[in-house]
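*Asks:* The structure follows.
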């Protein structure tokens, strides 16, 4: 008897966990919105990494904004993590021709396609929109011997091995690419850069505070608060324009020819009809204009970088070539 | 210090009936989902995150606190009863805990885990409230050479728990280290042993390995021998801990807390390594060494206190510096940002009500955890009365759900089956499973820290021992290698004197 109660309660919990995980097949999958004017129905968004990650938070925030603005009915956000996002990418490419699924992605996936030697590439997908971007910060501990980017670069060029640079991403990710591109821009070989990868922003930040690395490249959001309290110093930001609320010059203004930001966007599976592509573009454009999304951007501290259609497609191609170029120089891509 | 008066205000916030309800809900959900293998506390919070969007920040975080401790505790239940660790921090609990369950002492094992978690959680939270700023200053100074030294210590310590045959233990450890190598090498970006399969690029999750080797391997083993062994039903045993159990548990609880909290507070500490160290410590200090491997209560009490203390420690860098050092803390940080709260070094000044409310609700969550789980312990234990074919079918079912739920990919199910076959093979040839799991957990971290230390020193070997902490640890290692042979000889003499007492405790246990 007791065992029975136990089983039924576990089943209930299980059902909750399973629905929460988002694997419950949506009931009206077949009837994805035919009418272009009404709310989009039965939309699913694939997140190619784990719950709680940056992509996950972005996708869930976008889904919520769409629902709140009555642009869609309930949007199902689900996670297929693995291999820097390429497992999810492969899944999206396998869903070619499907008209009810979108994928959250970003710069990390561009690099991961190369480092993981993924068969599926972003060129296979239909780009819909770029949503947000985040500048990378060049950070040093508060009592670092380097008080300006010039001093840092001089020491770095003199002996790159003795100036370890930390980052919170693996090869091909934004924190890895930033110092590599910076090295190229100041005349250093990317191969000579002593890049030390850390597991996530938390571990990296403690390494900076504890002066384990000479400097670090990481998302501005990871260090903005610590910079305000004076625990770290941001020598430069990698965006074209200075970042609001952050007292640091851009690389451009320091005469370093580099503009590079981490970004996140949305793509659709291959062979999407032109009509459906327009519907998704309209959906995201309206979502972008909604009050809910504006509030989310402010709350999360994200920089708006909305871009759609051919503009986003061209951007994606440029980023792809740039990433491939760096990884080729490092010997990670044949 | 006005920390105490702030904390009292926090209690006033947290003790509001609505907030208490959320704390209760959090603990309930956390425990229930934490019980499922493969879904750890981080995953639980992430999955429940959308549910809290409609709540006030304070209420949401009170609920998180409950989920956090509940999830941490939930993992131990399946470890003890079913030899299926719910998450990596309760792998060690399975060693002695499941042996206790098999000897009809499941309820006592669950009770010592619950009370140990409560005590460790309470002391840990108290430390969090009172000394967090001081601790974090020390924690930041820890670097790669220090971590690597601790890893070396852990490796040396675990080789002492490798079981009857050192050769078999080392072989199992090597299997674990090999599995740990699978995936993309973080330093160079090269793929290792991935056989071109993209799903293997991230390596194999420790939980999938643990569940595969422990639970699936065991289920296959039992199935293979079902007809040859009599179908004896495991007795449930006394519902409460005996006086002897209490006497043997309280020291491990305190020692576990002392080991776990600092590990949780340092950035790369985590909860797994301190649980190993706690287990080894208890094994070394126990007066009943002959019971280890056969269900020694110290081996459950210590590690279970340790993982909860480390959960409390993990909040130190989050609340003082805004730095998430565990997966769970990272999810909570994301949640903070979702509410427009920027966690950082100034969080305590800008949001004192929230921080102290959270700390107070950690205390309350802990009390609710104990109140909920202590009475449940004998009920859980009755689970073992289910006839073996059904019980193991159920274990296989939940193991598969756990492996699948993490990623919704059938690949993980094949992987689980393959690892289950490996676990079966290891049992068939007498290779212990635990060293393999330890290899998977320690191997990759040790390699990462070693290479990081050498990178930072630009290849100079001195980079491995250029800090005072690493020097101290290496000195301890030398002691560990020199002292045991001497202690061992003393133990042998003492053990012969204590045999009568052992027989006594066996009798009480078998009721």
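Protein chains in written order, with the numbering used here: chain A, 905 to 1238; chain B, 98 to 608.
Heads up, the beta-carbon is just placed ideally off N, CA and C, and yes, glycines get one too.
(1) Could you round the C-beta distance between residue 1008(A) and residue 962(A) to whole angstroms and report it? I think they count as a contact, below 8 Å.
(2) Can you give me the C-alpha to C-alpha distance between residue 650(B) and residue 572(B), rounded to a whole angstrom?
(3) Quick one: what does DSSP say residue 389(B) is sitting in, helix, strand or coil?
(4) Are the Cβ atoms of residue 1024(A) and residue 993(A) separated by less than 8 Å?
(5) Please list, in chain order, the residues of the stretch 217-245 of chain B that have any C-beta partner in chain A closer than 8 Å.
(6) Does the beta carbon of residue 552(B) sit closer than 8 Å to a beta carbon anywhere in chain A?
(7) Evaluate contact between the stretch 548-558 of chain B and the stretch 238-256 of chain B, counting only Cβ atoms and requiring at least three cross-stretch pairs below 8 Å.
(8) Does the distance from the CB of residue 348(B) to the CB of residue 1114(A) come in under 8 Å?
(9) Is residue 431(B) helix, strand or coil by DSSP?
(10) In the DSSP output, what is residue 1037(A) paired with across the bridge?
(11) Nearest CA to the CA of residue 987(A): which residue from 181(B), 495(B), 483(B) and 293(B)?
(12) Give the secondary structure of residue 943(A) by DSSP, where H, G and I count as helix, E and B as strand, and everything else as coil.
(13) Could you check where the alpha helix (DSSP H) with residue 617(B) kicks off and where it finishes?
(14) Are any of the Cβ atoms in chain B nearer than 8 Å to that of residue 1137(A)?
(15) Can you grab the Cα-Cα spacing for the pair residue 991(A) / residue 953(A), in whole Å?
(16) Just checking, does the stretch 1097-1116 of chain A make contact with the stretch 1069-1088 of chain A on the three C-beta pairs under 8 Å criterion?
(17) May I ask you to report which of helix, strand or coil DSSP gives residue 983(A)?
(18) For the 8 Å Cβ check, are there 3 or more pairs between the stretch 376-391 of chain B and the stretch 349-366 of chain B?
(19) Please work out which residues of its chain come closer than 6 Å, Cβ to Cβ, to residue 1002(A), disregarding the five sequence neighbours upstream and downstream, and give them in chain order.
(20) Please determine, among 1145(A), 1140(A) and 1149(A), the residue with the shortest C-alpha to C-alpha distance to residue 1133(A).
(21) Do residue 1046(A) and residue 1116(A) have their CB atoms nearer than 8 Å?
(22) Which whole runs of the beta strand (DSSP E) in the stretch 950-1022 of chain A are 3 residues long or more, in chain order?
(23) In the structure shown, what three-state DSSP assignment does residue 1137(A) receive?
(24) Any C-beta of chain A sitting closer than 8 Å to the C-beta of residue 153(B)?
(25) Compare the beta carbon distance of residue 1042(A) and residue 1053(A) with 8 Å and say whether it is the shorter of the two.
(26) Would you check if the distance between the CB atom of residue 410(B) and the CB atom of residue 357(B) is smaller than 8 Å?
(27) How would you call residue 225(B), buried or exposed, if buried means at least 16 neighbouring beta carbons within 10 angstroms?
(28) Assess contact between the stretch 369-378 of chain B and the stretch 417-430 of chain B, defined as three or more Cβ pairs (one per stretch) separated by less than 8 Å. Is contact present?
(29) Output, in chain order, the set of chain B residues within a Cβ distance shorter than 7 Å of residue 1100(A).
(30) Looking at chain B, is there any beta carbon in it that lies within less than 8 Å of the beta carbon of residue 928(A)?
(31) Distance check for residue 980(A) and residue 927(A), CA to CA, integer angstroms please.
(32) Helix, strand or coil for residue 288(B), going by three-state DSSP, please let me know.
(33) Pull up the distance between the alpha-carbon of residue 521(B) and that of residue 214(B), whole angstroms please.
(34) Please look up how many angstroms separate the CB atoms of residue 1034(A) and residue 1202(A), rounded, as I've assumed it's under 8 Å.
(35) Which value, in whole angstroms, describes the spacing of the CA atoms of residue 471(B) and residue 344(B)?
(36) Could you pull the start and end residues of the beta strand (DSSP E) that residue 266(B) belongs to?
*Replies:* Well, looking at it:
(1) About 6 Å separates the Cβ atoms of residue 1008(A) and residue 962(A), confirming a contact at the 8 Å cut-off.
(2) In the structure as shown, chain B begins at 98 and stops at 608. Residue 650(B) is therefore absent and cannot be evaluated.
(3) DSSP places residue 389(B) in coil when its eight states are reduced to three.
(4) Pairing residue 1024(A) with residue 993(A) gives a Cβ-Cβ distance under 8 Å.
(5) When C-beta distances to chain A are compared with 8 Å, the residues of the stretch 217-245 of chain B below that value are 236, 237, 238, 239, 240 and 241, in chain order.
(6) It does; some Cβ of chain A falls within 8 Å.
(7) Contact holds: three or more Cβ-Cβ distances are below 8 Å.
(8) With contacts defined as CB atoms closer than 8 Å, residue 348(B) and residue 1114(A) fail to qualify as a contacting pair.
(9) Helix, per DSSP.
(10) DSSP lists 1167(A) and 1207(A) as partners of residue 1037(A).
(11) That would be 293(B), whose Cα lies nearest to the Cα of residue 987(A).
(12) When secondary structure is reduced to three states using DSSP, residue 943(A) falls in the coil class, being assigned neither helix nor strand.
(13) Nothing can be reported for residue 617(B), as the shown portion of chain B is limited to 98 through 608.
(14) It does not; no Cβ of chain B falls within 8 Å.
(15) The alpha-carbon atoms of residue 991(A) and residue 953(A) are separated by roughly 9 Å.
(16) By the Cβ rule, the stretch 1097-1116 of chain A counts as touching the stretch 1069-1088 of chain A, because three or more pairs are nearer than 8 Å.
(17) DSSP places residue 983(A) in strand when its eight states are reduced to three.
(18) The count of Cβ pairs closer than 8 Å, one atom from the stretch 376-391 of chain B and one from the stretch 349-366 of chain B, reaches three, so the stretches are in contact.
(19) Cβ neighbours of residue 1002(A) beyond the five flanking positions: 1173.
(20) The shortest Cα separation from residue 1133(A) among 1145(A), 1140(A) and 1149(A) belongs to 1149(A).
(21) Taking the C-beta atoms as reference points, residue 1116(A) is found no nearer than 8 Å to residue 1046(A).
(22) As summarised for the stretch 950-1022 of chain A, the continuous beta strand (DSSP E) elements at least 3 residues long and confined to that stretch are 980-983 and 1005-1010, given in chain order.
(23) It is a strand residue.
(24) No, because no Cβ of chain A sits closer than 8 Å to the Cβ of residue 153(B).
(25) With respect to the 8 Å criterion, residue 1042(A) and residue 1053(A) are classified as neighbours on the basis of their beta carbons.
(26) Yes, these two residues count as a Cβ contact at 8 Å.
(27) Taking all protein chains shown into account, residue 225(B) has 16 or more neighbouring C-beta atoms within 10 Å of its C-beta and is therefore buried.
(28) As far as the Cβ criterion goes, the stretch 369-378 of chain B does not touch the stretch 417-430 of chain B, which means the pair count is below three.
(29) For residue 1100(A), the chain B residues whose Cβ falls inside 7 Å of its Cβ are 549, 552 and 553, in order along the chain.
(30) In this prediction, residue 928(A) scores a pLDDT of 36, lower than 50, which makes its location untrustworthy; the coordinate-derived value is nonetheless stated afterwards. For residue 928(A), the nearest beta carbon of chain B is not closer than 8 Å to its own beta carbon.
(31) Low local confidence applies: a pLDDT of 39 at residue 927(A) is under 50, so the model's placement there is unreliable, with the coordinate-based value given in what follows. Taking the straight line from one Cα to the other gives about 9 Å.
(32) Residue 288(B) falls in the strand class under three-state DSSP.
(33) Cα to Cα, the separation comes out at about 32 Å.
(34) Going by Cβ atoms, the distance from residue 1034(A) to residue 1202(A) rounds to 19 Å, so no, they are not a contact pair.
(35) Straight-line Cα distance between these residues: approximately 18 Å.
(36) Note, residue 266(B): premise wrong, no beta strand (DSSP E); alpha helix (DSSP H) at 263-278.
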